[in-house]
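Colleague:
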Amino acid sequence: MVGLIQDLEPHDDFDPVLTDKQAKAAVVEVAGVARPERETSSQPAPEEHVQEDSRLPEIWRTERSVLCVPGRGALDGVAAEMLAQLLRKHGLGAQAAPRHASSRSGIGGLDPTGVAMVCVTYVELIGSPPHLRYLLRRIQQRFPHSPIVIGFWEPDDAPRGDRSAQGITGRTDVASSLHEAVRKCLEEAHRVELAEPAPSHEGPPPAADSASPVAHVAL
Numbered sequence: 001m002v003g004l005i006q007d008l009e010p011h012d013d014f015d016p017v018l019t020d021k022q023a024k025a026a027v028v029e030v031a032g033v034a035r036p037e038r039e040t041s042s043q044p045a046p047e048e049h050v051q052e053d054s055r056l057p058e059i060w061r062t063e064r065s066v067l068c069v070p071g072r073g074a075l076d077g078v079a080a081e082m083l084a085q086l087l088r089k090h091g092l093g094a095q096a097a098p099r100h101a102s103s104r105s106g107i108g109g110l111d112p113t114g115v116a117m118v119c120v121t122y123v124e125l126i127g128s129p130p131h132l133r134y135l136l137r138r139i140q141q142r143f144p145h146s147p148i149v150i151g152f153w154e155p156d157d158a159p160r161g162d163r164s165a166q167g168i169t170g171r172t173d174v175a176s177s178l179h180e181a182v183r184k185c186l187e188e189a190h191r192v193e194l195a196e197p198a199p200s201h202e203g204p205p206p207a208a209d210s211a212s213p214v215a216h217v218a219l
């Protein structure tokens with residue numbers, strides 16, 4: 001499955017527009033009722049894209065600015081690979097951590113260098129097991145300056161009630177789809193984007209004497 005994800009790397013992330021012929025071909029009959037074979041996504045693909053000339057801090061310009069950490073489920077590693085790929089398609093450096101990364105020793109072995117944000121992926125989570133709270137605590141200790149997004153791809157898995165009791169505090173957010181997680185990462189990147197330098201209202205500098213050395217100042 002990871003190989004299939006890698007094959008999609010060159011393709012852009014956008015919502016396809018079906019022709020009338022394709023739309024009719026995509027309709028199937030379920031229990032005597034015609035319905036689309038593929039439901040329209042409730043989370044459309046983000047239109048934002050980080051440009052190469054954006055004024056992001058250096059830590060948001062690395063190949064692993066966003067580290068995608070899989071949960072303990074069998075498919076969580078696949079979801080981490082998919083999220084990392086989508087983030088790269090939108091201009092952010094992203095890397096999926098190994099499947100065992102959510103363990104105590106796994107988190108301790110992750111290199112925090114060049115990581116600006118951490119995403120945790122769960123394809124399926126039954127209730128709110130204690131390991132989620134412990135995992136978040138370990139991530140916060142290993143990456144104390146990085147905001148965290150937890151992806152619950154099943155809406156019913158999203159934590160309810162007192163989030164602080166589940167470790168979802170501070171700079172920790174929740175997403176219910178891959179595209180929503182991408183959007184939250186892009187929003188965080190734009191939030192810390194360096195401000196444009198204020199325009200100068202001073203007149204042009206005096207002409208330098210040809211006999212005197214000229215100082216070049218990097219702006």
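Per our numbering, the sequence shown starts with residue 1, numbered consecutively.
In this text, a Cβ means the ideal position worked out from N, Cα and C, and glycines have one as well.
Every value quoted in this text rests on a predicted model; they were computed, and no experiment measured them.
Output the distance between the C-alpha atoms of Met-117 and His-90, rounded to the nearest integer angstrom.
Modeller: Met-117 and His-90: Cα-Cα distance of roughly 15 Å.
Colleague: By the three-class DSSP mapping on this structure, what secondary structure does Leu-87 have?
Modeller: Leu-87: helix per DSSP, three-state reduction.
Colleague: Along the chain, where does the beta strand (DSSP E) containing Leu-135 start, and where does it finish?
Modeller: Taken as a continuous stretch (DSSP letters only), Leu-135 belongs to no beta strand (DSSP E), being part of the alpha helix (DSSP H) at 130 to 142.
Colleague: I need the boundaries of the beta strand (DSSP E) containing Ile-148, first residue and last residue.
Modeller: Start and end: 148 to 152.
Colleague: Quick check on DSSP: helix, strand or coil for Leu-186?
Modeller: In the structure shown, Leu-186 sits in a helix (DSSP, three-state: H, G or I).
Colleague: Can the beta-carbon of Val-115 be found closer than 8 Å to that of Ser-65?
Modeller: In this structure, Ser-65 lies closer than 8 Å to Val-115 by Cβ.
Colleague: Going by DSSP, what residues sit across from Val-69 in a beta bridge?
Modeller: In the DSSP output, where bridge partners are listed per residue, Val-69 has Val-120.
Colleague: Can you give me the C-alpha to C-alpha distance between Glu-58 and His-145, rounded to a whole angstrom?
Modeller: For Glu-58 and His-145, the distance between alpha carbons rounds to 14 Å.
Colleague: On the DSSP letters alone, give me the boundaries of the beta strand (DSSP E) that Thr-222 sits inside.
Modeller: Because the chain spans 1 through 219 in this model, residue 222 falls outside it and cannot be assessed.
Colleague: Could you tell me the boundaries of the alpha helix (DSSP H) in which Ile-59 lies?
Modeller: No alpha helix (DSSP H) holds Ile-59; DSSP gives it neither H nor E.
Colleague: Pick out whichever of Leu-92, Ser-103, Val-78 has its Cα sitting closest to the Cα of Tyr-122.
Modeller: The option with the nearest alpha carbon to Tyr-122 is Val-78.
Colleague: Does the Cβ of Pro-70 have 16 or more other Cβ atoms within 10 Å, making it buried, or fewer, making it exposed?
Modeller: Per the 10 Å Cβ criterion, buried.
Colleague: Just to confirm my understanding: we take Asp-76, look at its own chain, exclude 5 residues before and 5 after, and list those with CB closer than 7 Å. What are they?
Modeller: Closer than 7 Å at the Cβ level, and outside the excluded window around Asp-76, lie Pro-70, Thr-121, Tyr-122, Val-123.
Colleague: With DSSP collapsed to three states, give me the class of Ala-96.
Modeller: If DSSP states are grouped into helix, strand and coil, Ala-96 belongs with the strands.
Colleague: In whole angstroms, what is the alpha-carbon distance linking Asp-173 and Trp-153?
Modeller: Going by the C-alpha atoms only, they are around 14 Å apart.
Colleague: Name the two residues that bound the continuous alpha helix (DSSP H) containing Ser-105.
Modeller: Looking at the DSSP string, the run of the alpha helix (DSSP H) that includes Ser-105 is 104 to 108.
Colleague: State the Cα-Cα distance for the pair Ala-96 and Cys-68, rounded to the nearest angstrom.
Modeller: Using only the alpha carbons, I get a separation of about 5 Å.
Colleague: Mind checking whether Ala-181 and Gly-151 have CB atoms under 8 Å apart?
Modeller: A contact, by the Cβ cut-off of 8 Å.
Colleague: Near His-100, which residues of its chain fall below 6 Å by C-beta distance, leaving aside the five closest residues on each side in sequence?
Modeller: Only Gly-106 meet the Cβ criterion.
Colleague: Considering Cα atoms alone, identify which of Pro-147, Ser-176, Arg-72, Cys-185 is closest to Ala-84.
Modeller: The candidate whose alpha carbon is nearest that of Ala-84 is Cys-185.
Colleague: Identify which residue in Leu-92, Gln-140, Gly-93, Arg-133 has its Cα closest to the Cα of Leu-110.
Modeller: Checking every option, the nearest Cα to that of Leu-110 belongs to Gln-140.
Colleague: So what does DSSP say about Arg-55, is it helix, strand or coil?
Modeller: Three-state DSSP puts Arg-55 in coil, outside helix and strand.
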